[in-house]
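With the working numbering, letter number 223 in the sequence shown gets 226, and the count goes up by one each step, no holes. Beta carbons are placed, not taken as given, at the ideal position from N, Cα and C, and that holds for glycine.
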Amino acid sequence: MIKDCKMGQDTKYIVGVDLGGTNIVSLLMNKRGEVLERDARLTLAKEGRERTISQITGSVSAVLEKGRELGISPDSLLGVGIGSPGPLNTKKGVIHFAPNLPGWREVPLVEILTQKLSMPVFLENDANAAALGEWWKGAGRNTSNLVLFTLGTGIGGGIIIDGEVFHGAWDTAAEVGHIIIHEEGLLCNCGTRGCLEAYASATGVVRRTVKAIKEGRETILTDWVQNRLEDITCELVYKAAQKGDKLCSWIVEETARYLGVGIASIVNILNPEVVILAGGMIKAKDLLFKPVREYAKRYALKDAIEGVSIVPAELGDDAGAIGAAATVLKRKGLL
Ligand SMILES: [Zn+2]
């Protein structure tokens, strides 16, 4: 936190909010992208929509209150950006549906929050916001074109083209987790088969590992979880691979190959300068990145992949909120 920065009279501030299924993170930032104050609290999604909305306004009010102590007046605020799960409509400011927020259907969040907060509010898809955050202040700074893959329970993504978030015609672009890598393959959460997410998300990694064990493959993991296969996590698979476990090393290699195939496809189409991987899995560092880089190079067009950096995200859990703040500047033509 920057406590001693000089506040010029013409300095403007922004708030970025990352609305997650579990936590809400709010950041008070200046236009240079420095984080001045932070608030994190529970989403309380199970307690219903109204409760979650009051958690959002409470969180925004908390960073504004702290800002006031720094001498930042509410008049100097340009607005609030919200990074939210979707599908949603960024232009209308409506969340159509959010799997992790029960009861959220066709919620006019921008209208509701504009009224409650009495300042301009802008909506962005959470994964797009994370990509914008990494572009502004993270692993993609100083680039114009990037693709973000978030490797979690699913695989999310965001695309920046010529320094702008690519939304597509109706805000469904950048679903990189649903690049199909096997047309008759594993069933995906989206209902179709063979999506990258079904193989290379943390859930996909665990699922393939458990399947191999049930088919008789031996691994140190069964000892580690005392045969409770439901206790196997993606982190444990990578840990076992690090220790040289044969099955897990194979799973890790295969995961890198799937990711390499997905990355190669998108690199061929979009010609990004950088591909950023985010999410818990990047803790595996070289065990993940080294083979992913090799496979992406093997499968992509030579002209497209040469010079592409495949790198870990830098902003961690704050990427979404930083990108949500950047959304305010983008929509106002200030970034
Ligand atoms: Zn899918």
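Looking only at C-alpha atoms, which of C251, G157, H185 sits nearest to G207?
-> For the purposes of this step, residue 207 is taken as residue 204 along the sequence shown, with counting starting at 1. Ranking the options by Cα distance to G207, first place goes to G157.
Can E309 be considered in contact with ligand 1, in the sense that its beta carbon sits closer than 7 angstroms to one or more heavy atoms?
-> As a position in the sequence shown, residue 309 is number 306, starting the count at 1. No, the Cβ of E309 stays beyond 7 angstroms of every heavy atom of ligand 1.
Around the C-beta of G11, are 16 or more other C-beta atoms found within 10 angstroms, so that it is buried, or is it exposed?
-> Here residue 11 refers to the residue found at position 8 of the sequence shown. With a pLDDT of 49 at G11, under the threshold of 50, the predicted position of this residue should be treated as unreliable, though the coordinate-derived value follows. Exposed.
With respect to the beta strand (DSSP E) encompassing S204, which residues constitute its N-terminal and C-terminal limits?
-> By 1-based counting over the sequence shown, the position of residue 204 is 201. Where S204 is concerned, there is no enclosing beta strand (DSSP E), given that its DSSP letter is neither H nor E.
Within its chain, find whatever has a CB closer than 7 angstroms to the CB of S252; leave out the 5 residues flanking it on each side and keep chain order.
-> For the purposes of this step, residue 252 is taken as residue 249 along the sequence shown, with counting starting at 1. Once the five neighbours on either side are set aside, the close Cβ partners of S252 are A244.
What residues come near ligand 1, if near means a beta carbon less than 5 angstroms from any of its heavy atoms?
-> H181, C191, C193, C198
Say whether the segment 43–63 touches the segment 134–145, bearing in mind that this needs 3 or more beta-carbon pairs closer than 8 angstroms, one atom from each stretch.
-> Contact between the segment 43–63 and the segment 134–145 is absent, because fewer than three Cβ pairs lie under 8 angstroms.
Based on Cα-Cα distance, which residue from I184, A215, V213 lies nearest to E200?
-> Position 197 of the sequence shown, counted from the start, is the residue given in the question as residue 200. Taking only the C-alpha atoms, the option nearest E200 is I184.
Give the secondary structure of F169 by DSSP, where H, G and I count as helix, E and B as strand, and everything else as coil.
-> Here residue 169 refers to the residue found at position 166 when the sequence shown is read from its first residue. Correct three-state label for F169: coil.
Does DSSP put C251 in a helix, in a strand, or in coil?
-> What you label residue 251 is simply residue 248 of the sequence shown in a count that begins at 1. DSSP places C251 in helix when its eight states are reduced to three.
Rounded distance between the beta-carbons of L39 and G70, thought under 8 angstroms | To locate residue 70, count along the sequence shown from 1; it is residue 67. To locate residue 39, count along the sequence shown from 1; it is residue 36. Their Cβ separation, rounded to whole angstroms, is 6 angstroms, which keeps G70 and L39 in contact under 8 angstroms.
May I ask you to report which of helix, strand or coil DSSP gives L273?
-> Working through the sequence shown from its first residue, we reach residue 273 at position 270. Reduced to three states, the DSSP call for L273 is helix.
Which word fits F100, buried or exposed, when buried means at least 16 other C-beta atoms lie within 10 angstroms of its C-beta?
-> Start at 1 with the first residue of the sequence shown, and residue 100 comes out as number 97. By the neighbour-count rule (16 or more Cβ atoms within 10 Å), F100 is not buried but exposed.
For the candidate residues M32, V150, H181, A43, whose alpha-carbon lies nearest to that of V314?
-> The residue labelled residue 314 in the question sits at position 311 within the sequence shown. Comparing Cα positions, the closest option is V150.
Is there contact between the segment 327–338 and the segment 119–134, where contact requires at least three CB pairs shorter than 8 angstroms?
-> At 8 angstroms Cβ cutoff, the stretches touch.
Inter-residue spacing [alpha-carbon to alpha-carbon] between N26 and G319 | Your numbering for residue 26 matches position 23 in the sequence shown. Your numbering for residue 319 matches position 316 in the sequence shown. Approximately 14 angstroms between the Cα atoms of the pair.
Could you check where the beta strand (DSSP E) with V113 kicks off and where it finishes?
-> Counting from one through the sequence shown, the residue named residue 113 turns up at place 110. Careful: V113 lies outside any beta strand (DSSP E), inside the alpha helix (DSSP H) at 112–120.
Where does the unbroken alpha helix (DSSP H) through D226 begin, and where does it stop?
-> Translated into positions along the sequence shown, residue 226 becomes position 223. Following the DSSP letters along the chain, one finds D226 inside the alpha helix (DSSP H) bounded by residues 224–227.
Segment contact, 8 angstroms Cβ cut-off, at least three pairs: the segment 249–269 with the segment 226–235 | no
Helix, strand or coil at I235 [DSSP, three-state] | Numbered from its first residue, the sequence shown carries residue 235 at position 232. Three-state result, I235: coil.
Could you tell me whether the segment 111–119 touches the segment 274–293, where touching means 3 or more Cβ pairs closer than 8 angstroms?
-> Segments in contact, no.
Using only alpha-carbon positions, find the residue among H170, K34, T60, L81 that is nearest to T46.
-> Locating residue 46 in the sequence shown gives position 43, where the first residue counts as 1. Selected option, being the one with the closest Cα: T60.
Just tell me which of I235, L273, G194, K305 has its CA closest to the CA of S147.
-> One-based indexing of the sequence shown puts residue 147 at position 144. Answer by Cα proximity: L273.
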